[in-house]
Amino acid sequence: MRTGVPMALEWVVNKLLTKDREKRYQSANEVIVDLGRVDLGVTTNVNTAAHTVALPPGPMEVRPAFSLWTLVAGVVAALVIGALGAWFLMKEEKSGASLHLPLSIAEEAGGSVAASNQGPSVALSPDGARLVFRGRSDGRVRLFVQDFAEAGGPQAIDGTEDAQSPAFSPDGNSIVFKSGGLLKKVSLRGGAPQDVDPRGGEYPSFSWSLNDEIVYVPSYGDGIYRVAGAGGEPELLVEPDIEQGEVGFTYPQLLPGGTHVLCSSYGSGFKVVVINLEDQTRTVLFEGAIAPTYLPGGYIAFVQKKSLLVASFDEDNLTISAPVVAVDGILSDFDTVTSNYSVSASGSLAYLSGSTIWDRDLIEIYRDGRTRVIDTERRGFNVLELSPDGSLLAAQILSGLEEGDLRIIDLENEDAQLFASSPSWESTPVWFPDGSGMVFSSERRGSSDIYMQRFNETTEPVPLVTNEFSKYAKSISSDGSLVAYQEVHPETGSDIWLLSIDGTGTPRPFLRTRASEDDPAISPNGRNIAYTSDESGRTEVYVAPMAGTGRRVRVSRDGGEGPRWVRSRRGLLFQEGRSVMEVNVLDSGRSFSAPRIVFEGVNQWTARNDGSSVITLASVPTPRQPQLVIGWLDEVKKLVSSD
1 MRTGVPMALE WVVNKLLTKD REKRYQSANE VIVDLGRVDL GVTTNVNTAA
51 HTVALPPGPM EVRPAFSLWT LVAGVVAALV IGALGAWFLM KEEKSGASLH
101 LPLSIAEEAG GSVAASNQGP SVALSPDGAR LVFRGRSDGR VRLFVQDFAE
151 AGGPQAIDGT EDAQSPAFSP DGNSIVFKSG GLLKKVSLRG GAPQDVDPRG
201 GEYPSFSWSL NDEIVYVPSY GDGIYRVAGA GGEPELLVEP DIEQGEVGFT
251 YPQLLPGGTH VLCSSYGSGF KVVVINLEDQ TRTVLFEGAI APTYLPGGYI
301 AFVQKKSLLV ASFDEDNLTI SAPVVAVDGI LSDFDTVTSN YSVSASGSLA
351 YLSGSTIWDR DLIEIYRDGR TRVIDTERRG FNVLELSPDG SLLAAQILSG
401 LEEGDLRIID LENEDAQLFA SSPSWESTPV WFPDGSGMVF SSERRGSSDI
451 YMQRFNETTE PVPLVTNEFS KYAKSISSDG SLVAYQEVHP ETGSDIWLLS
501 IDGTGTPRPF LRTRASEDDP AISPNGRNIA YTSDESGRTE VYVAPMAGTG
551 RRVRVSRDGG EGPRWVRSRR GLLFQEGRSV MEVNVLDSGR SFSAPRIVFE
601 GVNQWTARND GSSVITLASV PTPRQPQLVI GWLDEVKKLV SSD
């Protein structure tokens with residue numbers, strides 16, 4: 001197939017890629033001689049069996065100061081990074097070259113990256129010669145590897161079905177990923193995946209350090225752990241400092257030397273921090289950003305809103321220079337603290353471009369398996385809550401990092417109206433039983449406090465609970481007199497508290513232990529409260545008497561979260577993975593039936609009072625093609641030095 005590449009250049013490429021060793025170039029000098037004969041002309045595409053690279057006519061993608069020779073070298077390097085890597089690096093006169101290449105995923109891998117908001121969907125090998133990405137084939141999502149130095153398409157990696165967030169080992173021969181609630185690793189040379197951490201968890205992010213240690217966070221709200229790449233007992237490195245408003249970490253990465261870890265923390269805002277592993281001290285490098293990455297040569301990258309920022313990094317004093325924008329439009333999701341970019345040790349960058357907030361559809365799922373799309377404008381929907389009569393849907397809509405409003409959607413005409421807004425974060429709406437208003441959480445005064453707003457009132461929302469701790473409204477009793485909420489305390493973590501809405505009483509703790517208690521839901525008759533606790537080492541659903549006396553019952557069997565009572569069916573719903581389970585209430589709440597699956601394919605969700613259906617979110621399947629920048633680190637150095 002002709003590609004528009006000059007025939008001499010195509011001949012060079014084919015000779016580099018041939019599988020016959022005797023016909024390949026035997027030295028870099030031979031490559032240089034043949035490249036010198038190339039008449040570049042006007043090139044529009046570089047096509048291989050693996051992918052197609054689109055290049056505009058002329059030197060648009062290459063800096064004007066580059067010579068024609070540099071352009072030729074850059075094009076070939078893009079196709080055969082492994083074969084020309086040594087030659088490209090040893091020619092000092094060609095340093096500083098960078099090439100921007102939009103890649104096209106081959107059809108056998110689905111034609112595009114199956115992007116996820118549960119961690120980066122692309123990963124570059126340390127030498128920049130291979131790209132691992134989430135693809136789709138035969139109706140399955142799994143990981144594929146594309147070797148730029150081989151003539152052929154991407155290869156599916158066995159045992160990686162439904163895998164998320166791939167990351168390379170330092171030697172580039174293995175990857176670590178998460179799948180099915182487990183952290184796993186697999187060799188790219190073949191073999192079955194192996195469990196890294198058999199305990200299981202959400203694994204929001206992880207990395208594989210240069211000293212062959214996998215550094216990871218088991219679940220949201222957990223500390224940072226490390227385990228040897230070959231396996232072994234995980235070691236806790238650092239726990240969240242709840243007293244300072246720190247709830248958890250993502251994107252942990254050991255810095256050179258292994259004495260400090262770079263990560264993003266969250267709780268009282270998102271922060272890029274460096275933690276000293278010896279004395280546990282934190283140094284905040286930047287606030288309002290996520291997804292930091294250490295870059296070779298003393299630089300750092302991170303994401304703020306829709307931009308990838310870079311800065312020089314003083315590793316001795318733990319300071320950075322003023323950040324500058326390197327790439328605008330990195331596909332990110334601030335709800336799950338995910339950003340889709342990867343930087344190789346050789347200085348190349350791969351990323352997915354797009355909005356900072358994932359567009360999501362609202363989907364209603366019925367018990368018989370039928371679904372319908374709620375025909376309203378696609379937005380960054382997050383937390384959902386149906387009104388008691390099921391006619392209105394309250395939804396948190398994310399508009400950026402630490403920015404989220406509450407809107408009310410009329411499910412009959414599918415119009416949306418603003419309910420609560422501020423320059424910060426509005427969340428966890430809970431309806432009054434008569435539908436006259438809501439209780440919700442807001443960070444408009446700094447920490448997350450609880451407010452009340454009636455529809456027939458034009459005044460500002462009324463604060464119900466305000467203090468220095470983060471609080472989240474979760475449930476209101478059937479008579480509208482009592483609100484149950486979660487409070488994060490420095491000594492005990494997440495606890496459950498109760499408050500009379502009429503303001504006649506003071507908040508009182510319902511359950512306050514060293515374990516993490518969350519998601520309180522008051523039963524329709526007001527006698528029991530369902531909640532979650534991780535005291536067993538895994539988050540499970542429990543039901544206990546509201547009076548505080550009597551035996552509590554564990555309802556879930558294999559983990560669970562987000563319990564919701566079904567009023568007309570005398571049941572309780574909760575989430576387990578991507579499924580909604582149901583149990584029947586027996587003996588007035590003293591026992592429950594075995595859990596059974598009633599809805600599948602859910603993430604954030606809310607249920608109708610009769611349990612007939614749930615409304616959940618579905619990410620819009622927008623095709624995503626990776627962008628590759630060879631020599632990106634040279635751009636970073638120029639950007640930082642010129643600022």
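In case it helps, this note's numbering puts the sequence shown at residues 1 to 643. Note that CB positions come from ideal geometry on N, CA and C, so glycine has one too.
Original post:
If you draw a straight line from the C-alpha of residue 488 to the C-alpha of residue 496, how long is it?
Top reply: The residue given as residue 488 occupies position 488 in the sequence shown. The residue given as residue 496 occupies position 496 in the sequence shown. Each residue's Cα considered, the two are about 9 Å apart.
Original post:
Do the segment 461-469 and the segment 436-452 meet, that is, are 3 or more Cβ pairs less than 8 Å apart?
Top reply: yes
**OP:** State the start and end residues of the unbroken alpha helix (DSSP H) segment that holds residue 642.
**Re:** Numbered from its first residue, the sequence shown carries residue 642 at position 642. Residues 632-642.
**OP:** Tell me residue 440's beta-bridge partners as DSSP assigns them.
**Re:** By one-based count along the sequence shown, residue 440 stands at place 440. DSSP output for residue 440 lists 451 as bridge partner(s).
**OP:** Could you give the DSSP three-state label for residue 607: helix, strand or coil?
**Re:** Counting from one through the sequence shown, the residue named residue 607 turns up at place 607. In this structure, DSSP gives residue 607 an extended state, which the three-state scheme calls strand.
Original post:
What is the rounded straight-line gap between the Cα of residue 316 and the Cα of residue 324?
Top reply: Stepping through the sequence shown from its first residue, residue 316 is reached at position 316. Stepping through the sequence shown from its first residue, residue 324 is reached at position 324. Cα to Cα, residue 316 sits roughly 21 Å from residue 324.
**OP:** State the DSSP-derived secondary structure class of residue 109, mapped to helix, strand or coil.
**Re:** Walking along the sequence shown from the start, residue 109 turns up at place 109. In this structure, residue 109 counts as helix in the three-state DSSP scheme.
Subject >> Sequence-distant residues of the same chain with beta carbon closer than 6 Å to residue 254, five excluded per side >> reply: Position 254 of the sequence shown, counted from the start, is the residue given in the question as residue 254. Cβ within range, chain order: 209, 215 and 261.
Original post:
Could you give the distance in angstroms between the alpha-carbon of residue 172 and the alpha-carbon of residue 638?
Top reply: The residue given as residue 172 occupies position 172 in the sequence shown. The residue given as residue 638 occupies position 638 in the sequence shown. Rounded to the nearest whole angstrom, the CA to CA distance from residue 172 to residue 638 is 28 Å.
Original post:
When we look at the beta-carbon of residue 128 and count the other beta-carbons within 10 Å, is it buried (16 or more) or exposed?
Top reply: Residue mapping note: residue 128 aligns to position 128 of the sequence shown, counting from 1. When all chains shown are included, residue 128 counts as buried.
**OP:** Please classify residue 491: does DSSP put it in a helix, a strand, or coil?
**Re:** Mapped onto the sequence shown, residue 491 falls at position 491. Note: residue 491 maps to coil in three-state DSSP.
Original post:
Given residue 624, which residues of its chain have a CB within under 6 Å of its CB, disregarding the five upstream and five downstream residues?
Top reply: Working through the sequence shown from its first residue, we reach residue 624 at position 624. So the list reads 112, 113, 115 and 352, once near-sequence residues are dropped.
Original post:
Alpha carbon to alpha carbon, how far is residue 522 from residue 599?
Top reply: Position 522 of the sequence shown, counted from the start, is the residue given in the question as residue 522. Position 599 of the sequence shown, counted from the start, is the residue given in the question as residue 599. The straight-line gap from Cα to Cα measures roughly 22 Å.
Subject >> Paired residues, beta bridge with residue 239 - DSSP >> reply: Looking up residue 239 in the sequence shown gives position 239. According to DSSP, residue 239 bridges with nothing at all.
**OP:** Quick one: give me the first and last residue of the beta strand (DSSP E) that residue 472 is part of.
**Re:** Sequence index remark: in the sequence shown, residue 472 carries index 472 (1-based). That run of the beta strand (DSSP E) goes 470-476.
**OP:** Could you have a look at residue 328 and say whether DSSP puts it in helix, strand or coil?
**Re:** Numbered from its first residue, the sequence shown carries residue 328 at position 328. Residue 328: strand per DSSP, three-state reduction.
Subject >> Straight-line Cα distance separating residue 360 from residue 146 >> reply: Taking the first residue of the sequence shown as position 1, residue 146 is located at position 146. Taking the first residue of the sequence shown as position 1, residue 360 is located at position 360. Cα-Cα distance, rounded: 29 Å.
Original post:
Which residues bound the beta strand (DSSP E) around residue 352?
Top reply: Here the question's residue 352 lines up with position 352 in the sequence shown. Taken as a continuous stretch (DSSP letters only), the beta strand (DSSP E) holding residue 352 covers 349-352.
Subject >> Neighbourhood of residue 648 by C-beta, 8 Å cutoff - its chain only, sequence neighbours within 5 removed >> reply: With the chain covering 1 to 643 only, the question about residue 648 has no answer from this structure.
Original post:
What did DSSP end up calling residue 518 once you bin it into helix, strand or coil?
Top reply: Walking along the sequence shown from the start, residue 518 turns up at place 518. Three-state result, residue 518: strand.
Original post:
Taking C-alpha atoms, which residue in 418, 98 and 248 lies nearest to residue 394?
Top reply: For the purposes of this step, residue 394 is taken as the residue at position 394 of the sequence shown. The candidate whose alpha carbon is nearest that of residue 394 is 418.
Subject >> Selection from 640, 628, 396 and 229 that minimises the alpha carbon distance to residue 348 >> reply: Here residue 348 is taken as the residue at index 348 of the sequence shown, counted from 1. Looking at the Cα atoms, 628 is the closest of the given residues.
Subject >> First and last residue of the uninterrupted beta strand (DSSP E) at residue 593 >> reply: Counted from its first residue, the sequence shown places residue 593 at position 593. First-last for residue 593: undefined, no H or E at that position.
Original post:
What's the C-alpha gap between residue 161 and residue 124?
Top reply: Along the sequence shown, one-based indexing puts residue 161 at 161. Along the sequence shown, one-based indexing puts residue 124 at 124. For residue 161 and residue 124, the distance between alpha carbons rounds to 20 Å.
Subject >> residue 201, DSSP secondary structure in three states >> reply: Within the sequence shown, residue 201 is the residue found at index 201, counting from 1. Residue state, collapsed to three classes: coil.
Original post:
Considering only C-alpha positions, which residue in the set 440, 479 and 415 is nearest to residue 434?
Top reply: Counting from one through the sequence shown, the residue named residue 434 turns up at place 434. The shortest C-alpha separation from residue 434 is found at 479.
**OP:** Mind checking which residues open and close the beta strand (DSSP E) that includes residue 147?
**Re:** Counting from 1 along the sequence shown, the entry for residue 147 is found at position 147. That run of the beta strand (DSSP E) goes 140-147.
Original post:
If you pair each beta-carbon of the segment 607-619 with each one of the segment 361-374, do three or more pairs fall below 8 Å?
Top reply: yes
Original post:
Nearest-angstrom Cα distance between residue 198 and residue 518?
Top reply: Looking up residue 198 in the sequence shown gives position 198. Looking up residue 518 in the sequence shown gives position 518. Distance between the alpha carbons of residue 198 and residue 518 is about 24 Å.
Subject >> Supposed contact pair residue 475 and residue 494 - C-beta distance, whole angstroms, cut 8 Å >> reply: Translated into the one-based positions of the sequence shown, residue 494 becomes position 494. Translated into the one-based positions of the sequence shown, residue 475 becomes position 475. Residue 494 to residue 475, Cβ: 15 Å. No contact.
**OP:** Compare the Cα-Cα distances from residue 320 to each of 292, 333 and 144 and report the closest residue.
**Re:** Against the sequence shown, residue 320 aligns to sequence position 320. Per the Cα distances, 292.
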